[in-house]
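Notes follow the structure.
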Amino acid sequence: MASAQTRSANTKQSSLADLYQSVRTRTLEIVAPLEIEDYVIQTAEFMSPPRWHIGHTSWFFETVLQKFQPGYRTYREDFLFYFNSYYEGFGARIERPKRGTRSRPTVAETKKYRAQIDEQMMRFIENVSSRSDADEILSIVRLGLEHEMQHQELLVYDIKHLLCDQFDAPMKAAPRSQKNVGGMVEIEGGLFELGCNNGVQSPNHEFAWDNEKPAHKVWLADFSIDRAPVSVGDYLEFINEGGYQNFRWWHSAGWEKVNTEHWQAPLYWELHDGEWMIRDFAGLHRAIDKTNDPVSHVSFLEASAYAKWAGKRLPTEAEWEKAATLSPADDSKQNFPWGDATLDESRGNLFENGLWSVAPIGSFPAGQSASGCHQMIGDVWEWTTSDYVPYPGFKSEFDEYNDKWFVGQKVLRGGSFATPQIHIRSTYRNFFYPHERWMIAGFRCAK
Ligand SMILES: [Fe+2]
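My numbering applies: residue 36 is where the sequence shown begins, and numbers increase by one.
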């Protein structure tokens with residue numbers, strides 16, 4: 036009779052095999068509308084060609100096979116060089132800005148590599164439960180799948196930069212706003228438990244990154260936070276009132292960007308005959324027709340300037356998390372703004388909604404928090420004023436993954452329309468540099 040330990044490894048192994056197949060398939064679905072020429076072009080140093088993403092996510096699993104599969108023979112040495120991202124521990128690699136300077140490996144070779152790795156990984160996962168190191172392997176495979184979901188989201192950003200409305204995205208119609216959402220809610224301060232508590236049980240909490248742990252108490256003063264993300268209409272006012280021409284709203288680093296990069300509006304905004312237009316996957320729209328959409332493609336520097344102009348500030352990540360997880364009944368914490376129920380398409384705009392765009396503010400009343408904040412999960416990652424640093428008691432669970440980035444970046448919360456549903460949690464800490472804005476990032480203000 037199988038021991039309880041083996042039975043549990045068997046269950047984990049079969050659900051992980053299913054997850055493996057669905058995640059790996061989705062990556063290929065995202066790139067399916069691309070033409071062969073699209074796969075290899077790098078339109079900016081900060082983006083990567085789609086070919087690189089599909090190879091790199093396979094390279095990640097090849098490193099698992101190299102470590103744990105006895106007798107595994109490396110697929111091709113030159114692939115290790117081209118598809119490594121930034122891991123010093125895995126040897127020499129091509130510099131990021133040069134990923135688009137090569138035509139080899141070809142797209143066909145890369146896809147063949149991917150298929151080969153998948154075949155080996157499926158066999159490897161099927162046979163893992165009898166091994167004494169099964170738990171370690173299953174958790175690294177899960178980490179590889181979470182890594183791949185991060186790259187799926189990056190693929191959406193990069194394809195947008197590469198093709199934008201020339202990409203034939205399989206878009207569904209945007210929902211309509213069902214509710215006017217405005218103003219701020221007041222939230223009482225006090226001791227708050229920030230971060231992921233290992234005891235939480237939900238599909239989105241089977242896995243959590245090391246940087247979300249350990250949960251720990253922080254003190255918060257009373258604060259107010261916007262009930263909705265800052266909208267295109269709000270942001271248009273900032274632009275029209277000369278926000279990008281007035282140094283007084285900007286951090287020094289932001290003012291420098293305004294002047295050296297000639298920022299006048301968020302990324303993907305274009306001025307046509309004196310009128311601001313926004314380009315997205317669906318085409319070119321007048322900004323005044325999108326006033327109720329959350330603003331996106333703003334940097335931390337722009338979000339901060341707007342907040343100062345509006346007489347507010349950005350929330351800290353602890354304030355954001357408290358607003359997103361506070362249970363109305365008692366002072367306890369719940370998994371999501373709406374409670375502990377699983378995330379679905381009625382609660383927030385994630386990748387599965389298929390919009391390839393933000394949704395109007397007020398489209399997801401079922402996803403609002405107990406305190407009355409809307410769209411905290413999905414639509415746009417929200418900038419916080421918090422530095423991306425380790426929580427007290429942090430223990431690295433994977434070399435060179437999260438901990439090597441603990442300097443100079445800001446935390447964003449909540450996920451975007453490009454984030455897979457299963458990938459997001461209220462405690463999830465994303466991070467980018469303050470000037471970056473090609474990702475789907477917006478914000479809400481606090482006071
Ligand atoms: Fe990566």
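The C-beta atom is built at its ideal place from N, Cα and C for all residues, glycine as well.
As the structure is a computational prediction, the values presented were derived from the model and not from experiment.
Per DSSP, what kind of secondary structure is residue i in: helix, strand or coil?
{"i": "P372", "result": "coil"}
{"i": "S43", "result": "helix"}
{"i": "A358", "result": "helix"}
{"i": "L226", "result": "strand"}
{"i": "V75", "result": "helix"}
{"i": "M157", "result": "helix"}
{"i": "T295", "result": "helix"}
{"i": "K252", "result": "strand"}
{"i": "L54", "result": "helix"}
{"i": "V163", "result": "helix"}
{"i": "L349", "result": "coil"}
{"i": "Q447", "result": "The sequence given here places Leu at residue 447; Gln does not occur at that position. If DSSP states are grouped into helix, strand and coil, L447 belongs with the strands."}
{"i": "Q456", "result": "helix"}
{"i": "A364", "result": "coil"}
{"i": "Q48", "result": "helix"}
{"i": "Q410", "result": "coil"}
{"i": "I129", "result": "coil"}
{"i": "R382", "result": "coil"}
{"i": "T462", "result": "coil"}
{"i": "D203", "result": "coil"}
{"i": "I274", "result": "helix"}
{"i": "M36", "result": "With a pLDDT of only 46 at M36, under 50, the local geometry of the prediction cannot be trusted, and the value read off the model is given with reservation. Of the three classes helix, strand and coil, the one that applies to M36 here is coil, per DSSP."}
{"i": "F282", "result": "helix"}
{"i": "K147", "result": "helix"}
{"i": "D434", "result": "coil"}
{"i": "N388", "result": "helix"}
{"i": "V216", "result": "coil"}
{"i": "H240", "result": "helix"}
{"i": "A300", "result": "coil"}
{"i": "N246", "result": "helix"}
{"i": "A208", "result": "coil"}
{"i": "S287", "result": "helix"}
{"i": "P68", "result": "coil"}
{"i": "A405", "result": "coil"}
{"i": "V142", "result": "helix"}
In chain order, what residues of the same chain have a beta carbon less than 6 Å from the beta carbon of residue i, not counting five sequence neighbours either side?
{"i": "M36", "result": "The predicted position of M36 is uncertain, since its pLDDT is 46 and thus under 50; a value taken from the coordinates is nonetheless stated next. Cβ neighbours of M36 beyond the five flanking positions: none."}
{"i": "I172", "result": "F103, V163"}
{"i": "V142", "result": "I71, Y74, R86"}
{"i": "I152", "result": "S93, F96, E97"}
{"i": "L378", "result": "Q456"}
{"i": "D315", "result": "S392"}
Beta strand (DSSP E) containing residue i: first to last residue?
{"i": "S259", "result": "258-261"}
{"i": "L336", "result": "Run containing L336: none in the beta strand (DSSP E); it sits in the alpha helix (DSSP H), 335-344."}
{"i": "D315", "result": "310-315"}
{"i": "L115", "result": "No beta strand (DSSP E) holds L115; the alpha helix (DSSP H) holding it covers 112-118."}
{"i": "V442", "result": "Per DSSP, V442 belongs to no beta strand (DSSP E) and is neither H nor E."}
Once the 5 residues before and after residue i are set aside, which same chain residues still bring their CB inside 7 Å of it?
{"i": "S212", "result": "N327, P395, I396, G397, S398"}
{"i": "W254", "result": "L226"}
{"i": "L54", "result": "L180"}
{"i": "I194", "result": "P85, F202"}
{"i": "A340", "result": "G278, W284, W285, G289"}
{"i": "S406", "result": "V220, I222, A358, L361"}
{"i": "T351", "result": "T419, T420, S421"}
{"i": "P205", "result": "G389"}
Taking residue i as part of the alpha helix (DSSP H), name the residues at either end of that continuous run.
{"i": "W94", "result": "85-103"}
{"i": "M184", "result": "169-197"}
{"i": "F466", "result": "Unbroken run through F466 is the beta strand (DSSP E), 465-467; no alpha helix (DSSP H)."}
Which partner residues of residue i appear in the DSSP bridge assignment?
{"i": "S266", "result": "P329"}
{"i": "L63", "result": "Bridge partners of L63: none, in fact."}
{"i": "G134", "result": "The sequence shown places Arg at residue 134, rather than the Gly named in the question. Note: R134 sits in no beta bridge, so no partner."}
{"i": "G477", "result": "E417"}
{"i": "H307", "result": "E310"}
{"i": "E221", "result": "S259"}
{"i": "R321", "result": "M312"}
{"i": "V424", "result": "BP columns for V424 are empty, so no partner."}
Compute the minimum distance between the beta carbon of residue i and the heavy atoms of ligand 2, and state whether it is under 7 Å.
{"i": "H458", "result": "Absent from the structure shown: ligand 2. Ligands present: ligand 1."}
Please list, in chain order, all residues of the same chain as residue i whose beta carbon is under 8 Å from its beta carbon, the five residues on each side excluded.
{"i": "G217", "result": "R262, A263"}
{"i": "N437", "result": "W244, D245, N246, S431"}
{"i": "Y192", "result": "M82, A453, W473, M474, I475"}
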